[in-house]
Amino acid sequence: MITLVTDDERARLAREALCEITAEATIGELVDQRDEGEGVTTLSFAAEMPGYPGWHWTVSVAELPDEAPSVLEVELLPGDGALLAPDWVPWSERLDDYRAAQAAAAEAAAGAEGDDGDANGDDDIEGDDLDIDELDVDEELDSDDDIDEIDEHDIDDDFGDDPDDGIDFESDEAASEEE
331 MITLVTDDER
341 ARLAREALCE
351 ITAEATIGEL
361 VDQRDEGEGV
371 TTLSFAAEMP
381 GYPGWHWTVS
391 VAELPDEAPS
401 VLEVELLPGD
411 GALLAPDWVP
421 WSERLDDYRA
431 AQAAAAEAAA
441 GAEGDDGDAN
451 GDDDIEGDDL
461 DIDELDVDEE
471 LDSDDDIDEI
481 DEHDIDDDFG
491 DDPDDGIDFE
501 SDEAASEEE
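In the working numbering, the protein residues as written are 331 to 509.
What follows is the structure in structure tokens.
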């Protein structure tokens, strides 16, 4: 006995299979049904998802004699004019391109340098040019009520040569409870 499935039943089965992997709102209307031969039919539905213009859901349904139809495969495929990711380029080729671009940039910079060896004409900033004394760190610390004063002696004791030397892992509360 051969079981015949109508186009509507096949589309209902395909839509149910899609609903198992995606929300029903992402499945558009039936676009196409293609007979692939040997009892296999592929149904295409429009994909209604943001970011996937031109894509479609496909469901392959198998129909064998004396068997209920079954789903073989469900997938999301790009259609004509679909937005696609660029082709993958191996890391070694990207690295070669990067190195070539860096070498070209270095050559261009070397050619643009003036007599003094500085490409933009400005003198390089030396460490001596910075006046750190102008910064008043103590004033900034005093203005913040949340910061406690720190004794330099405490810092030296806590952070000596030995990482475990002088470090108290107990909190002040635990130490006061023991006393």
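Where is the CB? At the ideal position from N, CA and C, for every residue including glycine.
Computed from a predicted structure; not experimentally measured.
*Do the region 333-349 and the region 383-391 meet, that is, are 3 or more Cβ pairs less than 8 Å apart?*
yes
*With respect to the beta strand (DSSP E) encompassing A376, which residues constitute its N-terminal and C-terminal limits?*
The residue labelled residue 376 in the question sits at position 46 within the sequence shown. Element bounds for A376: V370 to A377.
*Return helix, strand or coil for L406, following the three-state DSSP convention.*
Counting from one through the sequence shown, the residue named residue 406 turns up at place 76. The answer is strand: DSSP assigns L406 an E or B state.
*asked:* Assuming P408 and W387 are in contact, meaning their beta carbons sit under 8 Å apart, how far apart are those beta carbons, in whole angstroms?
replied: For this step, residue 408 is matched to residue 78 along the sequence shown. For this step, residue 387 is matched to residue 57 along the sequence shown. At roughly 12 Å, the Cβ-Cβ gap does not stay under 8 Å, so P408 and W387 are not in contact.
*From E403 to A355, what does the alpha carbon distance come to, in whole angstroms?*
Within the sequence shown, the letter at position 73 stands for residue 403. Within the sequence shown, the letter at position 25 stands for residue 355. One C-alpha to the other measures close to 20 Å.
*Would the beta-carbon of E359 fall within 8 Å of that of A377?*
Along the sequence shown, one-based indexing puts residue 359 at 29. Along the sequence shown, one-based indexing puts residue 377 at 47. No, they are not a contact pair.
*In whole angstroms, what separates the C-alpha of T336 from that of G411?*
Residue numbering aside, residue 336 sits at position 6 when the sequence shown is read from its first letter. Residue numbering aside, residue 411 sits at position 81 when the sequence shown is read from its first letter. So the two alpha carbons sit approximately 31 Å from each other.
*Work out the CA separation of V419 and A435 for me, nearest whole Å.*
Stepping through the sequence shown from its first residue, residue 435 is reached at position 105. Stepping through the sequence shown from its first residue, residue 419 is reached at position 89. Going by the C-alpha atoms only, they are around 22 Å apart.
*asked:* Short of 8 Å in beta carbon distance, which residues of its chain neighbour Y382, apart from the five on each side in sequence? Order them along the chain.
replied: Position 52 of the sequence shown, counting from 1, holds the residue named residue 382. Taken in chain order, the residues that qualify are L406, A412 and L413.
*Let me know the secondary structure DSSP gives P365 once reduced to three states.*
Working through the sequence shown from its first residue, we reach residue 365 at position 35. First, the residue type needs correcting, since residue 365 is Asp and not Pro in the sequence shown. Looking at D365 - three-state DSSP - the assignment turns out to be strand.
*asked:* So for G441, helix, strand or coil by DSSP?
replied: Taking the first residue of the sequence shown as 1, we reach residue 441 at position 111. Three-state result, G441: helix.
*What number of angstroms, rounded off, separates the C-alpha of T371 from the C-alpha of Q363?*
Taking the first residue of the sequence shown as 1, we reach residue 371 at position 41. Taking the first residue of the sequence shown as 1, we reach residue 363 at position 33. Each residue's Cα considered, the two are about 7 Å apart.
*What's the gap between the Cα of E437 and the Cα of E443?*
Numbered from 1 along the sequence shown, position 107 holds the residue referred to as residue 437. Numbered from 1 along the sequence shown, position 113 holds the residue referred to as residue 443. Answer to the nearest angstrom: the Cα atoms are 10 Å apart.
_Does L343 come out as helix, strand or coil in the three-state DSSP assignment?_
Numbered from its first residue, the sequence shown carries residue 343 at position 13. L343 falls in the helix class under three-state DSSP.
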